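Sequence lines, in order, name chains A and B.
Reminder that position 119 of the first sequence reads as 130 in our numbering, one-by-one numbering, no gaps.
Reminder that position 62 of the second sequence reads as 349 in our numbering, one-by-one numbering, no gaps.
Beta carbons: idealized from backbone N, C-alpha and C, even for Gly.
No experiment lies behind these values; they were computed from the predicted model shown.
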Amino acid sequence: MDRLEELVQRQAITDVLTDYCRLLDRMELADLAQLFTKDCEVAYGPDPRLTSTGRAALERSLARMWRWKRTAHHLSNVRVWFETDLLATAESAVFAWHEAADGSHAEMFGLYHDRFVRDEGVWRIARRRMEMAGSGGVFRVPIPPAHRAPPPKDWTAPDGLDG
Amino acid sequence: MAHAKTLQDILDKAAITDVIHAYCFHFDRAEADEVLALFTSDTVVDYGPDVPTMNGLDELTPMVTRGLAKFFAATSHHISNVSINLTAPDAAASVSYVYAWHRYQDGRPTSELWGQYHHEFRRVSEEWKISRLVLYAAGTENFHRDKMHPVDRRAPSAGA
């Protein structure tokens, strides 16, 4: 893949990631499922309610998002690595805002780890794992914590920095 | 030839993304002239049903100038999910997400907006300019407008 072609394919993968957010916020789940491969493996967390295999199961599982009145998934920090012309890995960050039925808000800062496969010229997500850096409000979904290196054994907190 | 078209598309999308970012950058620095320079003279701007739609720079100028000078004390606009569709050689449409934080001169509580910009662009004298801007909101907190154009959201089907 030459550098120009890599730019084009990187944009195509980024478009899939942003289409996912737009279609999830619109709850167009049938269209959203088309962004994934037929046999996709998706795990937002280890809880069975957050895990699915295959497009149809993903569509059924994501119907859980209707428990929120509205959502807004803001995607950033997209990074893509190509293994071959037909295989890629991507990471992206999401700031997801949720409005509950009672009008209260919940926020979540997460990471998507995706495996992309290109079939007949179209990039689709074959595998998705999610991690969470943190959350606020009433967000209590058991998404696993993102990796964060622990401090060295001899590290101590600097005096006076409490925020 | 196909290569040249691909490259031109990438350059156009990068230039359009820069315009979306520039709007936020100059808005947050309260630089009204620089914000207004991003629009076509016949631009149409719709910030929501609480504000009359502005037709042309003549109507947009007082709104932006007054808002940045007299209303906002500080703002921070964060763009993501930029999706651009090149609809003609000199025209484009885009959807981008915006998270916006606002502080006000009259001391009311700070506000937040989780929204989308739906833009149309036209290339004028080699520069991409905003010919249409409509703001949609998924949600707000303490925002200075009560009514916003809602982001479309499909209702659950009977079986869901």
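Bounds of any alpha helix (DSSP H) do not take in E39 of chain A, whose DSSP letter is neither H nor E. Residue state for R441 of chain B is assigned as coil, using DSSP reduced to three classes.
Contacts with chain B at 8 Å (Cβ-Cβ) do not include W134 of chain A. Following the DSSP letters along the chain, one finds M350 of chain B inside the alpha helix (DSSP H) bounded by residues L344 to R353. The shortest C-alpha to C-alpha distance from D113 of chain A to any of A:W134, A:R81 and A:R14 is the one to A:R81.
The beta-carbon separation of L43 of chain A and I297 of chain B, rounded to 26 Å, does not stay under the 8 Å limit for a contact.
Out of A:F106, A:M141 and A:T48, the CA that lies nearest to the CA of A83 of chain A is found in A:F106.
As computed with DSSP, A117 of chain A is found in a beta bridge with A:H109 and A:G148. A distance below 8 Å separates the beta carbons of M119 of chain A and S146 of chain A. In the structure shown, T100 of chain A adopts extended strand secondary structure according to DSSP, grouped into three states. Among the residues of the stretch 83-112 of chain A, those with a Cβ less than 7 Å away from any Cβ of chain B are A83, H85, L86, S87, F106, W108 and E110, in the order of the chain. For E414 of chain B, the enclosing beta strand (DSSP E) begins and ends at E414 to E428. Apart from the 5 residues on each side of it in sequence, F150 of chain A sits with its Cβ closer than 8 Å to the Cβ of H109, A117, E118 and M119 in its chain, given in chain order.
At least one C-beta of chain B is nearer than 8 Å to the C-beta of L15 of chain A.
Here the C-alpha atom of Q403 of chain B lies approximately 11 Å from the C-alpha atom of Y334 of chain B.
Beyond the five residues adjoining it in sequence on each side, R90 of chain A comes within less than 7 Å, by CB distance, of A101 and E102 in the same chain, given in chain order. Under the Cβ criterion of 8 Å, I303 of chain B is not counted among the residues facing chain A.
In the three-state DSSP reduction, Q45 of chain A falls in the coil class, being neither helix nor strand. Contact between K49 of chain A and R66 of chain A holds, since their C-beta atoms are separated by about 6 Å, short of 8 Å. In its chain, beyond the 5 residues on either side, S383 and Y384 have a beta carbon closer than 7 Å to the beta carbon of N368 of chain B. Here P59 of chain A carries a helix assignment [DSSP, helix/strand/coil]. The C-beta of V149 of chain A comes no closer than 8 Å to any C-beta of chain B. Taking a cut-off of 8 Å on C-beta distances, the stretch 423-439 of chain B touches the stretch 388-399 of chain B, as three or more cross pairs fall below it. Judged by their CB atoms, A137 of chain A and R126 of chain A are nearer to each other than the 8 Å cut-off.
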